[in-house]
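Numbering (the numbering used here) for the sequence shown: 33 to 280.
Here is the structure we will look at.
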Amino acid sequence: MQIFGVDIGGSGIKGAPVDLDKGDLAQERFKVLTPHPATPDGVADGVKEVVDHFGWTGPVGLTFPGVVTGGATVRTAANVDKSWVDTDARALFGERLGGLPVTVVNDADAAGVAEMNFGAGRGRRGTVVLLTFGTGIGSAVFADGVLVPNTELGHLELGGHEAEKRASSKAKEDHGLTWEHWARRVTKYLAHVEMLFSPELFIIGGGVSRKSQKFLHLIEGIRAEIVPAQLQNDAGIVGAAMRAAKES
């Protein structure tokens, strides 16, 4: 069974049909740049370009980089235009895609669901925390495999600032940090999350997961096991498709 998934990020909008039996992309993903400012209309145009690229005519699952309630309404917009707040994203994308059935879910929650079913969290019990390091820091928390939605742990305070302003991969680039310096910031952040949730497992996702060999060995003093996301930056696409299949 195939369902289309789209992952909306602060820098790019990417999507592809997903093979839900394998938990993998059925075709090579297609990506466009996220418009700046990332207004609802501009992002919706980008999503339409991605979906139209494949000539897709079935259900579409989409991630959004913020809190999404009821599978539709955007409540926060940290890394996109503030005009997203209170937008009915499901109605907007459904209209722009010509009436296709649409499901919208928080981006890290989608990535977490994919990893728990097909990736690094498969079969794991207890408390598992997935963290996506990208433009910001997204989070997905699971208790015995059950998602606690919209946790937004990237906005915890770290060194007097929001954590994602200090420890996201964008912060690494913006501040010209070495892997060693950035890993120290990530370690402080993980220690804070560990103090709050005492997880058995941290899964590190987002684009930086492709380079885990450069920094994971530099993170010390964390009691939880720390592993890279197996689906890497495709996890959001897969998770979005899984949510769409569940609701279609």
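By construction, the Cβ of each residue, glycine as well, lies at the ideal position given by its N, Cα and C atoms.
Cutoff 8 Å; reference residue i; Cβ partners in own chain excluding five residues on either side
i	result
R128	A76, D77, V79 and K80
F62	K46, G47, A48, V82, H85 and F86
Q59	A48, P49 and F86
Residues of its chain near residue i, where Cβ-Cβ distance is below 7 Å and the 5 sequence neighbours each way are ignored
i	result
A175	T159
E212	L250
R255	E226
Bridge partner(s) assigned by DSSP for residue i
i	result
L179	F174
T101	T105
H193	L190
V134	V92
Q34	D51
L169	The question names Leu, yet the displayed sequence has Ile at residue 169. Partner(s): F165.
T159	A175
L65	G44
Segment limits, alpha helix (DSSP H) that includes residue i
i	result
I269	A267 to E279
F229	W211 to F229
D73	P72 to H85
A146	D139 to F150
D206	S201 to D206
F125	A121 to R128
Proximal residues to residue i (C-beta, below 6 Å), its chain only, five neighbours per side dropped
i	result
R122	A104, V134 and V136
K202	T167
A70	V112 and D113
R156	L233
S244	P260
A267	A143, A146, E147, G237 and A261
Between the CA atoms of residue j and residue i - distance to the nearest angstrom
i	j	result
A48	I35	9 Å
A195	E226	14 Å
W88	L222	40 Å
L190	H249	22 Å
G186	Q264	18 Å
A146	V38	13 Å
L57	A109	27 Å
V208	G42	Correcting the residue type first, residue 208 is Gly in the shown sequence and not Val. Distance between the alpha carbons of G208 and G42: 19 Å.
L132	F247	41 Å
Nearest to residue i (by Cα), restricted to the options the options
i	options	result
F117	R107, V100, T219 and K46	According to the sequence shown, residue 117 is Val rather than Phe. Nearest C-alpha to V117: R107.
I251	A146, V180 and T219	T219
P181	T95, G55, P91 and H68	T95
L228	V240, V161, K278 and F62	V161
D141	G177, Q245 and K243	G177
A276	F86, H85, F62 and N138	N138
For residue i, the first and last residue of its enclosing beta strand (DSSP E)
i	result
E257	E257 to P260
A48	G44 to D51
G239	Careful: G239 lies outside any beta strand (DSSP E) and carries neither H nor E.
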